[in-house]
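Engineer: To start, I am sharing the structure in question, which I have written as structure tokens.
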Amino acid sequence: MTGSKTGIHRETRMTRYLTTTALALSMIGGAAMAEPVKVGMITTLSGGGASLGIDTRDGFMLAVEEAGNPELEVVIEDDQQKPEIAVQLSDKMIQSEDVDVLTGIVWSNLAMAVVPGATRQGKFYLSTNAAPSQLAGKGCHENYFSVSYQNDNLHEAAGAYATNEGFGTMFIMAPNYPAGQDSLSGFKRFYEGEVASEVYTQLGQTDYAAEIAQIRDSGADGLFFFLPGGMGISFMKQWAEAGIDMPVVGPAFSFSQDILPAIGDAAIGVKNTAQWSKDIDNEANAHFVEAFEAKYDRLPSLYAAQGYDTARLLLSAMETADIADADAFREALRAADFDSVRGDFAFGPNQHPVQDIYVREVISEDGTLTNKIVATAMEDRGDAYAEECSM
Amino acid sequence: MSAAEITAAPTGRGGRMARAQIVNAALALGLIGFGVGAWAMGETFLVTLATKVAILAIAGAGLNLVLGFGGLVSFGHAAYFGLGGYTAGILAHHALNYTPMFEWPVLFEGTTSMPVIWLVAMAVGALAAAVIGALSLRTTGVYFIMITLAFGQMIFYFAISWPAYGGEDGLPIYVRNGFPGLNTLDPIQFFGLVVALLLAVLGLIAMLARSRFGLALQAARQNRQRLMAVGIRPGGVLLVAFVISGAITALAGALYADLNRFVSPSMLSWHLSGELLVFLILGGTGRLFAPLAGAGLYIALEHLLGGVSDHWQFFFGLLLLGVVLFARGGVIGFLAGGRKHG
Amino acid sequence: MSMLLLIEQLLNGLQSGLMLFLMAAGLTLVFGVMGLINLAHGSLYMVGAFACAGVAAATGSFWLGLAASIAAAAAAGAIVEVAVIRRLYARDHLDQVLATFALILIFSEGTRWLYGSFPLYLNVPPSLSGSVTLPGGIQYSLFRLAIIGAGLAVAVGLFLLIGKTRIGVQVRAGEADREMIAALGVDIGRLYTLVFALGAALAGMAGALVGTIQSVQVGMGEPVLILAFVVIVIGGIGSIKGALVGALLVGLTDTMGRVLLPSIFDLFMETSAATSVGAALASMAIYILMALVLIVKPGGLFGARA
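Protein chains in written order, with the UniProt record's numbering: chain A, 1 to 391; chain B, 1 to 342; chain C, 1 to 306.
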């Protein structure tokens with residue numbers, strides 16, 4: 001299983017690791033004696049989107065620390081949510097620090113800037129969040145795995161939910177940028193009613209008075225919106241002020257644990273779709289939620305769960321394969337032999353998840369806002385682009 | 001302020017002039033030495049940084065032509081920088097994805113050849129500068145600053161909301177475009193290419209400065225009436241300078257896109273327009289090598305201060321304020337001495 | 001589109017226009033009286049918003065927060081004027097642009113240092129929360145209505161101040177001939193500080209009011225600053241009347257453009273394409289407006305000098 005080219009080099013490094021880490025290795029038991037794996041995590045740790053990156057990192061590192069595998073080294077850098085910084089960091093990690101695996105990018109545009117280059121240079125990329133359609137379809141790559149979802153999934157689930165609830169007309173709204181356009185087309189893919197109106201807002205817009213007036217005027221049965229980050233918070237506060245009695249549904253991003261406190265009670269009752277929730281009933285999830293809260297003194301968010309699962313997937317592959325043998329390591333990743341906090345988890349043909357997607361409702365639990373699962377929107381959902389992927 | 005220095009420097013009569021030339025040569029050699037040295041030590045990331053300095057210096061040189069000579073404070077040069085970047089990105093995007101860019105009158109599938117991309121980028125930059133310049137040069141002073149800013153913002157918002165080429169997400173170039181005979185993915189070879197272009201651009205500007213056009217441009221800044229009296233339309237001279245400036249800055253944008261292998265609307269943002277102005281004042285307004293000195297200092301501070309504190313911009317702001325208020329000669333003025341009054 | 005919706009959107013445009021006026025008034029006064037182009041005006045807007053958020057969080061009172069925002073921004077303005085801006089009056093516009101660009105970096109990064117990057121959110125005071133029904137059956141947010149009222153009141157107050165008071169006479173004299181008012185025995189230094197602090201206070205108040213509806217975060221002043229520049233260039237730099245007309249034009253163009261352009265394109269395009277093309281054009285609408293105005297009148301609508 002070892003590439004002969006690296007054999008000698010590997011042995012000398014091996015000896016060094018064996019002497020220094022004998023104790024630790026004996027604790028793990030059964031771990032393959034393999035090349036150490038160096039992971040480069042590029043994520044957003046400063047700026048307005050920092051809470052997403054911080055949760056990703058904390059979830060990932062929780063799993064790394066729990067495993068205590070000395071063969072795994074993680075380098076973490078802040079991309080400031082800027083694509084050019086992310087590209088610089090990936091150059092640095094690949095050229096200077098010689099990492100084997102990259103991970104951690106939160107935003108699709110940053111992923112599109114980094115992932116194609118990294119995978120073409122033979123590095124693995126495990127996505128903890130962003131999974132743009134380009135990388136799922138024609139641009140899929142054998143070294144690219146999305147551990148979170150495909151970007152359209154949560155929007156599709158919202159469309160399916162609106163159909164199941166019998167909403168005859170929906171007002172749908174997203175920012176005017178690629179992820180926003182994908183969001184509305186994802187929603188429409190599974191929504192069978194009539195779209196009352198389709199509105200694109202400006203990215204970074206903070207005042208929604210004009211849109212709220214249109215929504216009120218439309219008389220639709222429900223509102224679907226995708227406004228990530230601060231946009232969603234501003235919108236929800238203004239929405240509550242306007243006092244319109246209309247059911248609201250959206251993807252989990254605007255209602256994840258890291259954002260709920262900022263929206264406040266205005267969020268209560270909103271339905272949102274996600275592939276994870278802290279009340280999913282399985283052993284791995286119960287342990288994760290408890291351990292995360294104990295370590296960081298806050299409830300985990302979707303991003304933390306995705307980071308945790310990504311690290312656990314990587315660790316599971318390290319158990320059975322050697323990173324020096326890329327084909328074997330890839331097979332080990334593809335097997336996804338770990339207990340996901342989501343319950344059932346498998347990779348589809350384009351190495352994106354096949355999983356259940358739930359509908360959650362925002363509730364107040366002992367004075368803390370959080371989410372509770374109220375329905376399953378889609379079961380064993382893959383994605384719409386797998387067919388275009390030839391791998 | 002010191003177009004005079006650019007014009008007079010090559011004649012090199014006074015000791016002060018000679019000193020300025022020594023500083024210029026030291027700056028150029030310093031950049032090359034840093035890049036090559038970093039490469040020799042295997043620090044490819046530092047080579048990339050040096051390349052970034054050279055590219056930003058080209059962009060600054062474009063701005064310097066209108067600011068240093070013509071006295072036009074353009075607060076929208078990010079527009080040409082970004083347009084150059086998008087030209088590179090869009091041409092490469094079509095070539096890499098095998099999607100024809102247009103089929104009529106001839107089939108054109110984009111290109112990944114740097115020389116072609118540069119020419120197209122410069123043409124696009126020149127065209128945009130011609131249109132924006134023709135409208136903006138109707139105004140002067142603070143109105144000119146504001147209208148160039150507004151045109152920059154217009155293109156910025158267009159790039160953000162036009163979905164065909166990625167909008168806000170930007171446009172990745174998976175593989176750096178090629179140059180005949182070179183492996184551009186090799187950091188040191190790309191660095192060499194960029195430095196050669198930087199020196200060519202600076203040479204061109206020095207040559208322009210000595211020409212009849214350069215003198216007319218300088219005169220246009222100082223006294224429009226007098227220029228008209230000798231039968232030259234200052235508007236025409238300024239517009240030509242603006243167009244050349246736009247083309248040079250667009251070339252830098254195309255290189256920047258290749259450096260990052262990525263183009264996004266942030267290349268068009270007004271912050272970048274401001275940073276280009278900052279390079280010039282840090283370097284020493286109107287000096288031929290000001291953009292290189294300024295860009296070098298800026299990138300060096302970003303990485304040195306950035307390593308010490310996340311809030312490096314706070315200290316950078318204080319430094320910039322100090323330079324503007326008390327040290328108007330900038331780096332070169334400090335090193336070469338003597339403040340030039342045009 | 002129904003008549004009611006149209007009127008509601010006009011109100012929205014009026015509201016955003018009036019907030020822009022509060023920003024633009026200070027900018028245009030400072031340029032008119034001192035000949036200074038101040039990029040850091042957006043930072044004063046941000047200071048006001050953060051002061052309001054900080055005090056409102058500490059005391060639980062929005063009104064104390066609002067008062068604090070005006071006081072803090074005025075104080076910050078006065079300090080900046082004395083420490084930095086004063087040295088720039090005699091300089092060229094390039095130096096003014098760069099020095100105030102440096103001030104933006106200092107203010108933004110300093111605020112990030114103190115408060116972090118995550119946005120703060122204010123709550124609308126209980127007495128102004130919810131919505132009211134206007135004559136004709138329009139439901140409209142009470143707080144936004146209050147903002148419109150406050151904006152109009154400030155506009156009237158400002159016109160009275162400039163038109164009827166001694167300070168106003170000095171300001172107008174300063175606009176007409178800077179050397180002249182020194183000869184009249186006016187303490188120019190004090191007058192300049194006062195004008196700058198007044199502009200800052202208006203910006204801070206706008207920051208607090210808008211921040212309450214939207215969010216309070218580092219960098220919030222920059223988009224507004226650029227809009228305010230567009231406003232004063234359209235209106236004519238130095239003219240308060242121009243600032244008011246320009247602000248209302250920009251506010252209405254922006255709001256109505258966002259609402260109307262997609263539906264206009266919908267008439268002859270496929271819906272998805274129409275909404276995205278319409279939104280793209282809407283985001284450029286005010287800059288197109290500005291270019292048009294400058295082509296017809298290079299000095300702005302009410303510009304005294306070009």
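Ideal Cβ positions, reconstructed from N, Cα and C, are used throughout, including at glycine.
For A:Thr56, would you say it is in contact with chain C, using Cβ-to-Cβ distances shorter than 8 angstroms as the test?
Structural biologist: Sequence index remark: in the first sequence, residue 56 of chain A carries index 56 (1-based). Not closer than 8 angstroms to any Cβ of chain C, the Cβ of A:Thr56 fails to qualify, so no.
Engineer: Taking 8 angstroms as the threshold (beta carbon to beta carbon), is B:Trp310 in contact with chain A?
Structural biologist: Numbered from its first residue, the second sequence carries residue 310 of chain B at position 310. Looking at the sequence provided, one finds Asp at residue 310 of chain B rather than Trp. By this cut-off, B:Asp310 is an interface position.
Engineer: Output yes if chain C places a C-beta closer than 8 angstroms to the C-beta of A:Ser26; else output no.
Structural biologist: Stepping through the first sequence from its first residue, residue 26 of chain A is reached at position 26. Note on A:Ser26: pLDDT 41, under 50, position unreliable in the model; no value is reported.
Engineer: With 8 angstroms as the threshold, decide whether the Cβ of C:Gln96 is near any Cβ in chain A.
Structural biologist: Locating residue 96 of chain C in the third sequence gives position 96, counting from the first residue. Not one chain A Cβ lies under 8 angstroms of C:Gln96.
Engineer: Looking only at C-alpha atoms, which of A:Ala262, A:Phe235 and A:Pro116 sits nearest to A:Gly215?
Structural biologist: The residue given as residue 215 of chain A occupies position 215 in the first sequence. The sequence shown places Ile at residue 215 of chain A, rather than the Gly named in the question. Minimum Cα distance to A:Ile215 is reached at A:Phe235.
Engineer: Could you tell me whether the Cβ atoms of A:Trp107 and A:Gln81 are closer together than 8 angstroms?
Structural biologist: Within the first sequence, the letter at position 107 stands for residue 107 of chain A. Within the first sequence, the letter at position 81 stands for residue 81 of chain A. Their beta carbons are under 8 angstroms apart, which means A:Trp107 touches A:Gln81 by this criterion.
Engineer: Can you give me the C-alpha to C-alpha distance between A:Glu77 and B:Ser266, rounded to a whole angstrom?
Structural biologist: Translated into the one-based positions of the first sequence, residue 77 of chain A becomes position 77. Translated into the one-based positions of the second sequence, residue 266 of chain B becomes position 266. Rounded to whole angstroms, A:Glu77 to B:Ser266 spans 21 angstroms at the Cα level.
Engineer: Excluding sequence positions up to five away, which residues of its chain have a Cβ less than 6 angstroms from the Cβ of C:Tyr121?
Structural biologist: The residue given as residue 121 of chain C occupies position 121 in the third sequence. Within the same chain, C:Tyr121 has close Cβ partners Ser215.
Engineer: Does the segment 105 to 119 of chain A come close enough to the segment 320 to 339 of chain A that 3 or more CB-CB pairs lie under 8 angstroms?
Structural biologist: Flag = no, the segment 320 to 339 of chain A and the segment 105 to 119 of chain A do not touch.
Engineer: Verify the CB distance criterion: does A:Met112 have a CB-CB separation below 8 angstroms to chain B?
Structural biologist: Numbered from 1 along the first sequence, position 112 holds the residue referred to as residue 112 of chain A. Yes, because at least one Cβ of chain B sits closer than 8 angstroms to the Cβ of A:Met112.
Engineer: Can you tell me which residues form a DSSP beta bridge with A:Lys38?
Structural biologist: As a working mapping, residue 38 of chain A is identified with position 38 in the first sequence. DSSP output for A:Lys38 lists A:Glu73 as bridge partner(s).
Engineer: Name the one or two DSSP bridge partners that A:Lys372 has.
Structural biologist: On the first sequence, residue 372 of chain A is found 372 positions in, with the first residue counted as 1. A:Lys372 pairs with A:Glu361.
Engineer: Work out the CA separation of A:Glu84 and B:Asn260 for me, nearest whole Å.
Structural biologist: Locating residue 260 of chain B in the second sequence gives position 260, where the first residue counts as 1. Locating residue 84 of chain A in the first sequence gives position 84, where the first residue counts as 1. Approximately 6 angstroms, taken between the alpha carbons.
Engineer: Please work out which residues of its chain come closer than 6 angstroms, Cβ to Cβ, to A:Asn285, disregarding the five sequence neighbours upstream and downstream, and give them in chain order.
Structural biologist: Counted from its first residue, the first sequence places residue 285 of chain A at position 285. Val341, listed in sequence order.
Engineer: Quick one: grab the DSSP three-state call for A:Met378.
Structural biologist: Counting from one through the first sequence, the residue named residue 378 of chain A turns up at place 378. Strand at A:Met378.
Engineer: Is there a Cβ from chain A that is less than 8 angstroms from the Cβ of C:Phe107?
Structural biologist: For the purposes of this step, residue 107 of chain C is taken as residue 107 along the third sequence, with counting starting at 1. Not an interface residue.
Engineer: What residues of chain C sit near A:Asp207, judged by a beta carbon separation below 7 angstroms?
Structural biologist: The residue given as residue 207 of chain A occupies position 207 in the first sequence. Ser16, Ile213 and Gln214, listed in chain order.
Engineer: So, with DSSP's three-state summary, where would you put A:Tyr177?
Structural biologist: Position 177 of the first sequence, counting from 1, holds the residue named residue 177 of chain A. Here A:Tyr177 sits in coil by DSSP.
Engineer: Would you list, in sequence order, the uninterrupted alpha helix (DSSP H) runs of no fewer than 4 residues that lie entirely inside the segment 275 to 321 of chain B?
Structural biologist: Here the runs fully enclosed are 290 to 308.
Engineer: Mark B:Ala229 as exposed unless 16 or more other C-beta atoms lie within 10 angstroms of its C-beta, in which case mark it buried.
Structural biologist: Counted from its first residue, the second sequence places residue 229 of chain B at position 229. Its Cβ having fewer than 16 others within 10 Å, B:Ala229 is exposed.
Engineer: Starting from A:Lys278, trace the alpha helix (DSSP H) both ways and give me its first and last residue.
Structural biologist: Indexing the first sequence from 1 puts residue 278 of chain A at position 278. Counting along the chain, A:Lys278 falls outside any alpha helix (DSSP H), and DSSP gives it neither H nor E.
Engineer: Output, in sequence order along the chain, the residues in the segment 217 to 241 of chain A whose CB is closer than 7 angstroms to any CB in chain C.
Structural biologist: Residues Asp217, Gly230, Ile233, Ser234, Lys237, Gln238 and Glu241.
Engineer: So which of B:Leu318, B:Thr48 and B:Ala54 has the shortest CA-CA distance to B:Leu202?
Structural biologist: By 1-based counting over the second sequence, the position of residue 202 of chain B is 202. Of the candidates B:Leu318, B:Thr48 and B:Ala54, the one whose C-alpha sits nearest the C-alpha of B:Leu202 is B:Ala54.
Engineer: Roughly how many whole angstroms lie between the Cα atoms of C:Phe268 and B:Lys52?
Structural biologist: Start at 1 with the first residue of the third sequence, and residue 268 of chain C comes out as number 268. Start at 1 with the first residue of the second sequence, and residue 52 of chain B comes out as number 52. Computed Cα separation, rounded: 46 angstroms.
Engineer: B:Ile22: buried (16+ other C-beta within 10 angstroms of its C-beta) or exposed?
Structural biologist: Residue 22 of chain B sits at position 22 when you count from the first residue of the second sequence. Result: exposed.
Engineer: For a contact defined as C-beta to C-beta under 7 angstroms, what are the partners of A:Asp91 on chain B?
Structural biologist: One-based indexing of the first sequence puts residue 91 of chain A at position 91. Ordered by position in chain B, the residues that pass the 7 angstroms Cβ test against A:Asp91 are Phe45 and Thr48.
Engineer: Give me the residue from B:Gly283, B:Gly306 and B:Arg19 with the minimum Cα distance to B:Leu56.
Structural biologist: As a working note, residue 56 of chain B is residue 56 in the second sequence. Looking at the Cα atoms, B:Gly283 is the closest of the given residues.
Engineer: Against chain F, which members of the segment 60 to 89 of chain B pass a CB distance test of less than 9 angstroms?
Structural biologist: Looking at the structure shown, chain F is missing, and the protein chains on hand are A, B and C.
Engineer: Taking only beta carbons into account, state which residues of the segment 166 to 194 of chain B come closer than 7 angstroms to chain C, listed in chain order.
Structural biologist: Listed by position, the residues of the segment 166 to 194 of chain B near chain C (Cβ gap below 7 angstroms) amount to none.
Engineer: Considering only residues of the same chain and omitting the five flanking positions on each side of C:Glu175, which have a CB-CB separation below 8 angstroms?
Structural biologist: Reading the third sequence from its first residue, position 175 is the one you call residue 175 of chain C. Only Gly32, Val33, Gly238 and Ala304 meet the Cβ criterion.
Engineer: Using a Cβ cut-off of 8 angstroms, pull out every chain A residue sitting near B:Arg261, in sequence order please.
Structural biologist: For this step, residue 261 of chain B is matched to residue 261 along the second sequence. Within chain A, the residues near B:Arg261 are Val87, Ala113 and Gly117.
Engineer: Can you give me the C-alpha to C-alpha distance between B:Val308 and C:Ala247, rounded to a whole angstrom?
Structural biologist: For the purposes of this step, residue 308 of chain B is identified with residue 308 of the second sequence, where counting begins at 1. For the purposes of this step, residue 247 of chain C is identified with residue 247 of the third sequence, where counting begins at 1. Whole-angstrom Cα-Cα distance: 43 angstroms.
Engineer: Would B:Leu149 count as contacting chain C if we go by Cβ distances under 8 angstroms?
Structural biologist: Here residue 149 of chain B corresponds to residue number 149 of the second sequence, with the count starting at 1. True, the Cβ-Cβ gap to chain C drops below 8 angstroms.
Engineer: Let me check understanding here. Comparing Cα to Cα, which of B:Phe69, B:Phe289, B:Ile281 and B:Ala254 lies closest to B:Trp118?
Structural biologist: Here residue 118 of chain B refers to the residue found at position 118 when the second sequence is read from its first residue. Among B:Phe69, B:Phe289, B:Ile281 and B:Ala254, the Cα nearest to that of B:Trp118 is on B:Ala254.
Engineer: Against chain C, which members of the segment 363 to 376 of chain A pass a CB distance test of less than 9 angstroms?
Structural biologist: So nothing in the stretch comes that close.
Engineer: Cβ closer than 8 angstroms: which chain A residues qualify as neighbours of C:Ala280?
Structural biologist: Counting from one through the third sequence, the residue named residue 280 of chain C turns up at place 280. Simply Asn176.
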